[in-house]
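Residue numbers (this note's numbering): 70 to 350.
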Amino acid sequence: MAKAAPAILGEMPIVIKGAGEMASGITVRLHRAGFRRLVLLETPAPLAVRRAVSFSEAVYDGAMTVEGVTAIRVPDAASFHSAWDRDAIPLQVDPDWRTLTEFPGGFAVSVDAIIAKKNLGTSRGEADLVIALGPGFAAGSDADIVIETNRGHDLGRLITDGPAEANTGIPGNIAGYTGERVLRAPADGIVETVRAIGDSVRFGDVVLRVDGQDVVSALDGVVRGCIRNGTAVGRGLKLGDVDPRGDRRYCFTVSEKARALGGSVLEAIVGFWHSRMASDR
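Right, dumping it as structure tokens:
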């Protein structure tokens, strides 16, 4: 049976699966809109590339701040309230999503923002409203609402029946560049970073190494994302990206795509809350 809507919208408990770039941008936007009962769930060893704007860094460092909003790693659901009392967002390492059933009273909203290009187990009924982002989900079967993540005319569109667009496999176009701006592992091995996020690079500059093999930039720009030094990776894995626009500020702020998706999640939640409030009268 569905729970009654909280009288104060910001008190609605919301769980967000994933704490990478897109999930973090969504979280920042919800927090700024007044939601104070947010929870992030992550894996034990997240592989975020845009680490300067990813709350997943709290898994390693204990805390992470993105545009003035802070997430702190907590051991369990019993610690959520202490984080909220500090106006911080609790982040729990919970790859099996046990918190969904262990949190007292459950969650009003569940948001799958992992962007795995497939459904890793999200299902309708795990919260009163289930939202899922991107390829691999169909509204009406996997989730109540699916949000389109493909850049273009439909980016951020709420889908209430049917699937999101299929994964194209092509990185988003930035200043005319797509696949050229992405850095990938040439072999299995351990990452050795040479350049840091925010560094300017030229065509041919070494950004990092894997198993002793150089990974070089294919264009002039700024290192916008780079995986953590010492990470074990497999051949072909995305390790980083170079932004041809060359504006260092973009490396440390939420992207336009993440902000757009955050607005879409906000739209879905507010619409759900108004509908629930009307039905509770």
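Glycine included, each C-beta is placed from N, C-alpha and C at the ideal position.
Outcome for residue i when other beta-carbon atoms lying within 10 angstroms are tallied against a minimum of 16
i: ILE259; result: exposed
i: ARG250; result: buried
i: ILE111; result: Here residue 111 is Glu; the residue named in the question, Ile, does not match the sequence. GLU111 should be labelled buried.
i: TYR352; result: Outside the displayed span of the chain (70 to 350) sits residue 352, for which this structure offers no information.
i: GLU217; result: buried
i: LEU189; result: exposed
i: VAL150; result: Per the sequence presented here, residue 150 reads as His, with Val not at that position. Classification of HIS150: exposed, given that the 10 Å Cβ count is below 16.
i: PRO173; result: exposed
i: GLY131; result: exposed
Neighbourhood of residue i by C-beta distance below 8 Å, restricted to the same chain and skipping five residues each side
i: ARG271; result: SER286, ASP289
i: TRP153; result: ARG105, ARG106, PRO159
i: THR191; result: LYS86, SER179, ASP181, VAL199, ALA201, PHE206, ASP211, ALA212
Supposed contact pair residue j and residue i - C-beta distance, whole angstroms, cut 8 Å
i: ALA121; j: PHE321; result: 5 Å
i: ALA140; j: LEU169; result: In fact, because the Cβ distance is near 18 Å, the residues do not count as touching under 8 Å.
i: ARG293; j: VAL275; result: Not really, about 17 Å apart at Cβ, beyond 8 Å.
i: GLY331; j: VAL135; result: With 8 Å as the limit, GLY331 and VAL135 do not qualify as a contact, their Cβ atoms being about 12 Å apart.
i: VAL334; j: LEU78; result: Not really, about 14 Å apart at Cβ, beyond 8 Å.
Proximal residues to residue i (C-beta, below 6 Å), its chain only, five neighbours per side dropped
i: SER123; result: GLY89, GLU90, SER93, ALA117
i: MET133; result: PHE124, GLU126, ALA127, ALA140
i: GLU336; result: none
i: GLY205; result: LYS186, LYS187, ASN188
i: ASP268; result: VAL292
Spatial distance of residue i from residue j (CA atoms)
i: GLU325; j: LEU224; result: 11 Å
i: ASP280; j: ARG119; result: 22 Å
i: SER344; j: ILE338; result: 10 Å
i: CYS375; j: TRP166; result: Beyond the ends of the chain as shown, which are 70 and 350, falls residue 375; an answer cannot be given.
i: ASP316; j: ILE243; result: 12 Å
i: PRO113; j: ASP163; result: 8 Å
i: LEU277; j: GLY248; result: 17 Å
i: PHE176; j: GLU261; result: 40 Å
i: GLN22; j: THR300; result: The requested residue 22 does not occur in the structure, where the chain is confined to residues 70 to 350.
i: GLY303; j: PRO255; result: 8 Å
i: ILE239; j: ARG220; result: 11 Å
i: THR229; j: ARG328; result: 21 Å
i: VAL291; j: GLY245; result: 15 Å
i: ASP257; j: THR237; result: 25 Å
i: LYS307; j: ARG297; result: 12 Å
i: ARG101; j: PRO313; result: 30 Å
i: ARG253; j: GLY309; result: 7 Å
7 Å Cβ shell around residue i - same chain, five flanking residues per side excluded
i: MET70; result: Its pLDDT being 41, under 50, MET70 is placed unreliably in this model, and the value from its coordinates should be taken loosely. Within the same chain, MET70 has no close Cβ partners at all.
So, does the segment 177 to 194 touch the segment 79 to 86, judging by three or more C-beta pairs under 8 Å?
yes
Is there contact here, the segment 213 to 223 with the segment 192 to 202, by at least three beta-carbon pairs under 8 Å?
yes
Taking contact to mean 3 or more Cβ pairs, one atom from each stretch, closer than 8 Å, check whether the segment 184 to 197 and the segment 141 to 152 are in contact.
Fewer than three Cβ pairs drawn from the segment 184 to 197 and the segment 141 to 152 lie within less than 8 Å of each other, which leaves the two stretches out of contact.
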